[in-house]
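Notes follow the structure.
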Amino acid sequence: MPYYRSVGEVPRKRHTQFRKPDGGLYAEELMGQEGFSSDSSLLYHRHAPTAIVAAEEFDPPAWTRLPNRPLKPRHLQTHKLDQSGADAVLGRQHLLANDDCRISYVLADTPSPLYRNAIGDECLYVEAGRLRVESVFGVLEVTAGDYVIVPTSVVHRLVPLEPTRLLVIEATGHIGPPKRYLSVRGQFLEHSPYSERDLRGPDEPLLVDGTDVEVLVQHRRGWTRHVYAQHPFDVVGWDGCLYPWTFSIHDFEPITGRLHQPPPVHQTFQGPNFVICSFVPRKVDYHPLAIPVPYNHHNVDSDEMLFYTGGDYEARRGSGIGQGSISLHPSGFTHGPQPGAAERSIGAERFDELAVMVDTFRPLDLCEPALASEDPGYAWTWSGRAPQ
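Per our numbering, the sequence shown runs over residues 309 to 696.
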């Protein structure tokens, strides 16, 4: 995170004695990235955060990856995957993956277990519903249109306040604002489409009592179930620049121009070998001869995944794309607006569209739920002909 926060009780000087009302020491924990060389926070626990009483292997739901062969554009209809009784961790329907990230969808209606992803950061996008994100840092309550960034190894739990549709992006590293939006000291610059005022973090501690508490840990060699002697939610205060935070897609300020602007103007976050972009309602190109929809384009270095989450996506009219759809346009394939979209867009003054895009710089494989929810006719919608 680019700015400092302090929540709850902390001593004036770090790494000094900080005592409980009974005279004992609070247990200080430094959570930091890149080996003490990047963002960090100091947390003060009532109990030792290292005290586990059991550890055993855990088998998560099985999943597989298959290459995108034959190479073609794909349309996934995620709402076909909805099922009751799913939680937002173990109920994830994995759709697309490579060695840098994994993209999943879930309709969550039950609380998740306590969970720690020790591989990388997670970005959750709320398509619909309301969710309570509980963590050692406190609570975030999020709703439709919110992104949530959960840093690596934060113990947390996802509690739906109503059935909640989520797009989940799991990274193998860290997710944050693009570096070009930030000063050398981490402040958002004037050309950034959002700023510190748009971000929300936990604002008070979350204290939960309990003993022998299970936490599922996803790590680089599999999954483990740890049992903690005391509940991990025992932090009386913390400060620093590393914590879960949320940002609403509705606070993203679009960058527009006289002629069509390329996708980098929509970039919202960056991760290891991928970017996340937000397409929001906006005024469109105002040159007198402008064609507002995108030109045909061939991203030779990246796969493009677009999650359609609201509004009217003009360039895709006639393709079958709708609410909750995902399109995958892989490198090696030229893609663009549907037939007739360019002509229809001439004279438009604004687009009312809402979508989340993930561009990856390594090919995305397909997982079984993606194949189960695929619209098999999508690849041929530009030609209007059935496959031969």
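No residue lacks a Cβ here, since even glycine has one placed at the ideal position from N, Cα and C.
Check	Outcome
Between the alpha carbons of Val573 and Val583, how many angstroms are there, rounded?	12 Å
Could you check if Asn604 is buried or exposed, using at least 16 other CB atoms within 10 Å of its CB as the buried criterion?	exposed
Would you call the segment 376-385 in contact with the segment 435-445, where contact means no fewer than 3 C-beta pairs closer than 8 Å?	no
Could you compute how far the alpha carbon of His323 sits from the alpha carbon of Val544?	15 Å
Tell me whether the segment 494-512 and the segment 551-558 touch, counting them as touching only if at least three CB pairs, one residue from each stretch, are closer than 8 Å.	yes
So the alpha helix (DSSP H) Ser653 belongs to, where does it begin and stop?	Ala649 to Ser653
CB-CB under 6 Å to His568, same chain, minus the five flanking residues each way: which ones, in chain order?	Asp593
Could you tell me how far apart the beta carbons of Ser349 and Trp546 are, in whole angstroms, since I believe they sit closer than 8 Å?	5 Å
If I'm right that Leu422 touches Arg465 with Cβ under 8 Å, what's the distance once you round it to whole angstroms?	5 Å
Anyone know if the C-beta pair for Arg320 and Glu682 falls short of 7 Å?	no
What residue range is occupied by the uninterrupted beta strand (DSSP E) comprising Ala678?	Unbroken run through Ala678 is the alpha helix (DSSP H), Glu676 to Ala680; no beta strand (DSSP E).
Using only the alpha-carbon positions, how far apart do Ala650 and His499 sit?	29 Å
Extract the residue ranges of the beta strand (DSSP E) inside the segment 606-677, only unbroken runs of 3 or more that lie entirely within it.	611-619, 633-637 and 661-668
At 3 residues or longer, and completely inside the segment 315-363: list those beta strand (DSSP E) runs for me, N to C.	335-340 and 348-353
Do you know how far the Cα of Trp688 is from the Cα of His595?	32 Å
Going by CA-CA distance only, name the one from Thr532, Gly548 and Phe541 that's closest to Gln341.	Gly548
Per the DSSP calculation, Gln575 is bridged to which residue(s)?	Cys585
In the DSSP assignment, what residue or residues form a beta bridge with Gln495?	Answer is none; Gln495 lacks a bridge partner.
How would you write the range of the beta strand (DSSP E) that Tyr423 sits in, first residue to last?	Tyr423 to Asn425
Using beta-carbon positions only, say whether Arg400 and Ser412 come within less than 7 Å of one another.	yes
Rounded to whole angstroms, what is the Cα-Cα separation between Phe560 and Gln578?	15 Å
Which complete beta strand (DSSP E) runs does the segment 358-395 hold, if anything under 3 residues is left out?	360-365 and 382-385
Would you report the Cα separation of Ala694 and Pro684, rounded to the nearest angstrom?	10 Å
In its own chain, which residues sit with a C-beta less than 8 Å from the C-beta of His558, not counting the 5 before and 5 after it?	Gly453 and Val588
Kindly indicate which three-state DSSP category Arg529 falls into: helix, strand or coil?	coil
What is the DSSP secondary structure of Glu561, counted as helix, strand or coil?	coil
How far does the beta strand (DSSP E) with Asp547 in it extend, from its first residue to its last?	Val543 to Gly548
Here's the rule I'm using: 16 or more other beta-carbon atoms within 10 Å means buried, otherwise exposed. How should Gln325 be labelled?	exposed
Hey, could you find the ends of the beta strand (DSSP E) Thr480 is sitting in?	Premise fails: Thr480 is in no beta strand (DSSP E) and is neither H nor E.
So, is Glu317 buried or exposed, given that buried needs 16 or more other C-beta atoms within 10 angstroms?	exposed
I need the straight-line Cα distance from Leu674 to Glu661, nearest angstrom please.	26 Å
What are the partner residues of Pro468, as DSSP defines its beta bridges?	Leu439
His402 lies in the beta strand (DSSP E); which residues open and close that run?	Gln401 to Ala405
CB-CB under 8 Å to Asp367, same chain, minus the five flanking residues each way: which ones, in chain order?	Trp531
Tell me the rounded alpha-carbon separation between Leu636 and Phe659.	21 Å
Kindly indicate which three-state DSSP category Ala452 falls into: helix, strand or coil?	coil
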